[in-house]
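The numbering used here numbers the first residue of the sequence shown as 289 and each following residue consecutively.
Ideal placement from N, C-alpha and C gives every residue a C-beta, glycine not left out.
Notes for the one structure printed next.
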Amino acid sequence: MSIDSDQYARIMAQLKEELGDLADQLDHEVRQGRVVSEQKLKQEGQYAARASRLAETELPPIGKTDVAVIPYTGDERIDLICRTLLTLAETMYASRKVMLDTAVAEGMDPIIQFGDPELETPSAIDLTEETARAHLALAVIRDLLSDDEASAEVSR
């Protein structure tokens, strides 16, 4: 499966709409490129082209301990998005689960209220509901990614 820039742009637009800060961070990472070693450049077949460009500009050749920054491919961009969404979902679930488990273990009410009841109507978070929602989100992300991996295997 090969991802073109239009597909990537559509995915990023939807992420920007739903998760603006996350989309900005991903976009920043993609624009920076990825850091690779000399050996990795050789493995990816990009060493000769890079060495040629360095020679043209009269810069020293790439050394064994040097690293280079190269752009992400379309597939690598999508992989970055997938890994980021999975990590986010795992973190959301794990943090809520720990908070809920701690509240239960300490005999505390799993509903946390914020605000001063004398000054305002407090807002509340039900850790039981939030943990269940985060668990569902994690399951959906895992399911979507497993479907994506299965369809990628079929297209190979």
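{"query": "Mapping DSSP to helix, strand and coil, what is K304?", "result": "helix"}
{"query": "Using DSSP's beta-bridge definition, name the partner residues of I366.", "result": "I366 pairs with nothing; no bridge assigned."}
{"query": "Which class does D315 belong to by DSSP, given the choice of helix, strand or coil?", "result": "helix"}
{"query": "If distances are taken between C-alpha atoms only, which option among I413, L310, D309 comes closest to R384?", "result": "I413"}
{"query": "Taking only the alpha-carbon atoms, compute the straight-line gap between D435 and G403 and give it to the nearest angstrom.", "result": "43 Å"}
{"query": "Determine the DSSP secondary structure at D404, reduced to helix, strand or coil.", "result": "coil"}
{"query": "Suppose the cutoff is 7 Å on Cβ atoms and the five residues either side in sequence are ignored; what does the same chain contact list for D315 look like?", "result": "M300"}
{"query": "Give me the Cα-Cα distance between H423 and Y381, rounded to the nearest whole angstrom.", "result": "6 Å"}
{"query": "Let me make sure I understand the geometry here. Which of Q302, D294, L307, V357 has the alpha-carbon closest to that of K322?", "result": "Looking at the sequence provided, one finds Arg at residue 322 rather than Lys. The shortest C-alpha separation from R322 is found at V357."}
{"query": "Return the residue from the list Q313, T416, D294 that minimises the CA-CA distance to L376.", "result": "Q313"}
{"query": "Rounded to whole angstroms, how far is the Cβ of L433 from the Cβ of L368, which I believe are closer than 8 Å?", "result": "In fact, because the Cβ distance is near 13 Å, the residues do not count as touching under 8 Å."}
{"query": "What residues are listed by DSSP as bridge partners for A412?", "result": "Q401"}
{"query": "Tell me which residues share the same chain as I429 and place their Cβ nearer than 7 Å to its Cβ, disregarding the 5 neighbours each side in the sequence.", "result": "L373, L374, A377"}
{"query": "Whose C-alpha, out of E417, E408, T409, is nearest the C-alpha of D397?", "result": "E417"}
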